[in-house]
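Line order of the protein sequences matches chains B and D.
Under our numbering, the first residue of the first sequence is numbered 15, with each subsequent residue one higher.
Under our numbering, the first residue of the second sequence is numbered 15, with each subsequent residue one higher.
All C-beta atoms in this analysis are idealised placements derived from N, C-alpha and C, irrespective of residue type, glycine included.
Below is one structure, written out as structure tokens; comments come after it.
There are 2 protein chains.
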Amino acid sequence: MKRNALPPVTGSGRSGFAPLNPVEVETIRLFVQLSRALGQPPSVAEIYGLLFVSPRPLPQDEFTGRLNLSKGSASQGLRYLQDLGAVRPVAVAADRRGHYEAVAELRNLAGRFLRQQVFSYFQDSGERLDKIITEARKLAGPERDHALARAKMLKSWEKNSKRILPLVMALLGGGRGK
Amino acid sequence: MKRNALPPVTGSGRSGFAPLNPVEVETIRLFVQLSRALGQPPSVAEIYGLLFVSPRPLPQDEFTGRLNLSKGSASQGLRYLQDLGAVRPVAVAADRRGHYEAVAELRNLAGRFLRQQVFSYFQDSGERLDKIITEARKLAGPERDHALARAKMLKSWEKNSKRILPLVMALLGGGRGK
DNA sequence: GGAACAGTTCAATCAATAATGAATAAATCT
DNA sequence: AGATTTATTCATTATTGATTGAACTGTTCC
């Protein structure tokens, strides 16, 4: 069965938890929208969005219930967010459930996200580039020249891109963020 | 029926076109890999990749045949690439088919891509942010304060991000790209 | 110990996205 | 005009990716 995109704002939570208020709904939508642009699954964005607007850390079953997620999605999404450093556990006295809060520093978030995304790409791109060059050398005549020129271009693209990342990070952290 | 990921390097092209050589195969793989990171369909990456390594402009049926794509995918992918400015038509004498070549300037490519991706996001994010603030004002007590603080934070994130884009563009174009 | 709770894993299911190809249009040739 | 070539559109099909939930693990409480 397909779960509801977002539970209705009105109506008492049939999960036993308070339904989302309009601020929560809109904030979550904002993050879901962003997640599309970044190619991230909506459930993850929903979890982060709700933790982000929440004035206090939430236990897993609470955001699961309020977002109408399955236990599996919640668990996986939470893990992903923790690995990314976007969410951190917070102990709450007299409650054995784990509670979580959003890490809300743009620099951290964006930095880690970029690192994760970009790193996974540059992972074997270097290796592949070398292979392209090796193969290009085996060609003959003008084909060979063109192939080598293209390979060189790719190398320079890679270098340029790699150089930009730290700068972006610095800008994200340094901008008068107040 | 599923098409082959990439036609085998050896073996005469059963489409009547030359099979891909190793340089072409590896270059295409590189772009396909990148397209995953960027959330773009592989067929588009294949087309761009082949045009990128090709020493001469290719007509649609040629890259369609060599990549083993359907006519539909080729046509749509080509259109997407043209809209993005990543590929441009080139007239070839005594051939009535349209020929295309890759636009291979990192600055153009990345710039247009970012614009397309990011712009579509910031499209209505401003509107949504205003709505969040409006709704937050209707809340009471500490909840209200927290919600307003979060909304303010989102606004600053947006401002920061918007400010960075032009800088990234400048860096992509300006780096000693040789 | 064992019942209730909190959480994870993963194979099966469902939804979203990409690719296909038949129908069609438009242009060029004879 | 009619035949041929080139290319586009879009409903259908295939593929990928996200979500579910039942089975399981480990804790805590009585």
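Per-residue burial, residue i [other beta carbons within 10 Å of its own, 16 or more giving buried]
{"i": "Leu64/D", "result": "buried"}
{"i": "Ser84/B", "result": "exposed"}
{"i": "Gln54/B", "result": "buried"}
{"i": "Gly30/B", "result": "exposed"}
{"i": "Thr78/B", "result": "buried"}
{"i": "Val104/B", "result": "exposed"}
{"i": "Ser139/B", "result": "buried"}
{"i": "Gln130/B", "result": "exposed"}
{"i": "Gln137/B", "result": "exposed"}
{"i": "Arg2/B", "result": "Since the first residue of chain B shown is 15 and the last is 192, residue 2/B is not available in this structure."}
{"i": "Leu181/B", "result": "exposed"}
{"i": "Arg43/D", "result": "buried"}
{"i": "Ala32/D", "result": "exposed"}
{"i": "Ala108/D", "result": "exposed"}
{"i": "Lys192/B", "result": "Only weak support exists for where Lys192/B lies, its pLDDT of 44 falling under 50; the coordinates are left without a value."}
{"i": "Ala154/D", "result": "exposed"}
Chain D contact residues for residue i, given Cβ-Cβ distances below 7 Å
{"i": "Ala161/B", "result": "Val37 and Val67"}
{"i": "Leu81/B", "result": "Within 7 Å Cβ-Cβ: nothing; Leu81/B doesn't reach chain D, min ~17 Å."}
Chain-ordered chain B contacts of residue i [CB-CB under 8 Å]
{"i": "Ser139/D", "result": "Leu44, Gln47 and Leu48"}
Check whether residue i and residue j have beta carbons under 7 Å apart
{"i": "Glu38/B", "j": "Val67/B", "result": "yes"}
{"i": "Leu185/D", "j": "Leu168/D", "result": "no"}
{"i": "Val117/D", "j": "Arg102/D", "result": "yes"}
{"i": "Ala51/D", "j": "Gln74/D", "result": "no"}
{"i": "Ile146/B", "j": "Glu60/D", "result": "no"}
{"i": "Ala163/B", "j": "Ala150/B", "result": "no"}
{"i": "Pro71/B", "j": "Glu119/B", "result": "no"}
{"i": "Arg126/B", "j": "Leu95/B", "result": "no"}
Closest by C-alpha distance to residue i, when choosing among the options
{"i": "Arg121/D", "options": "Ala150/D, Gly187/D and Glu172/D", "result": "Gly187/D"}
{"i": "Ala100/D", "options": "Gly91/D, Gln74/D, Ile146/D and Val182/D", "result": "Gly91/D"}
{"i": "Lys173/B", "options": "Pro69/B, Val132/B and Ala107/B", "result": "Val132/B"}
{"i": "Pro69/B", "options": "Trp171/D, Pro156/D and Leu95/D", "result": "Pro156/D"}
{"i": "His113/D", "options": "Glu76/D, Leu123/D and Asn82/D", "result": "Glu76/D"}
{"i": "Phe45/D", "options": "Ser134/D, Asn35/D, Tyr62/D and Leu123/D", "result": "Tyr62/D"}
{"i": "Thr175/B", "options": "Ser175/D, Trp171/D and Met183/D", "result": "Before going on, a small fix: residue 175/B reads as Ser here, not Thr. Of the listed residues, the one whose Cα sits closest to Ser175/B is Met183/D."}
{"i": "Ser134/D", "options": "Leu48/B, Ser134/B, Arg111/B and Arg110/B", "result": "Leu48/B"}
{"i": "Leu81/D", "options": "Ala165/D, Ala154/D, Leu34/D and Val106/D", "result": "Leu34/D"}
{"i": "Pro36/D", "options": "Ala165/B, Pro56/B and Arg111/B", "result": "Ala165/B"}
{"i": "Trp171/D", "options": "Leu123/B, Val106/B, Pro56/B and Gly86/B", "result": "Leu123/B"}
Within chain D, partners of residue i - CB distance below 9 Å
{"i": "Arg142/B", "result": "Glu40, Thr41, Arg43, Leu44 and Gln47"}
{"i": "Ile61/B", "result": "Within 9 Å Cβ-Cβ: nothing; Ile61/B doesn't reach chain D, min ~16 Å."}
Chain B residues whose Cβ lies nearer than 9 Å to that of residue i
{"i": "Tyr135/D", "result": "Gln47, Leu48, Arg50, Ala51 and Leu52"}
Within chain B, partners of residue i - CB distance below 7 Å
{"i": "Ala118/D", "result": "Met167"}
Report task. Return the chain-ordered ranges of every alpha helix (DSSP H) run that is complete within the region 103 to 163 of chain D and spans a minimum of 4 residues. Result -> As far as the region 103 to 163 of chain D is concerned, its whole alpha helix (DSSP H) runs of at least 4 residues are 120 to 151.
Query raised in the report: In the region 41 to 93 of chain D, which residue ranges form an unbroken beta strand (DSSP E) of at least 3 residues, counting only runs that do not cross its ends?
Result: If you keep only unbroken beta strand (DSSP E) runs of at least 3 residues inside the region 41 to 93 of chain D, you get nothing at all.
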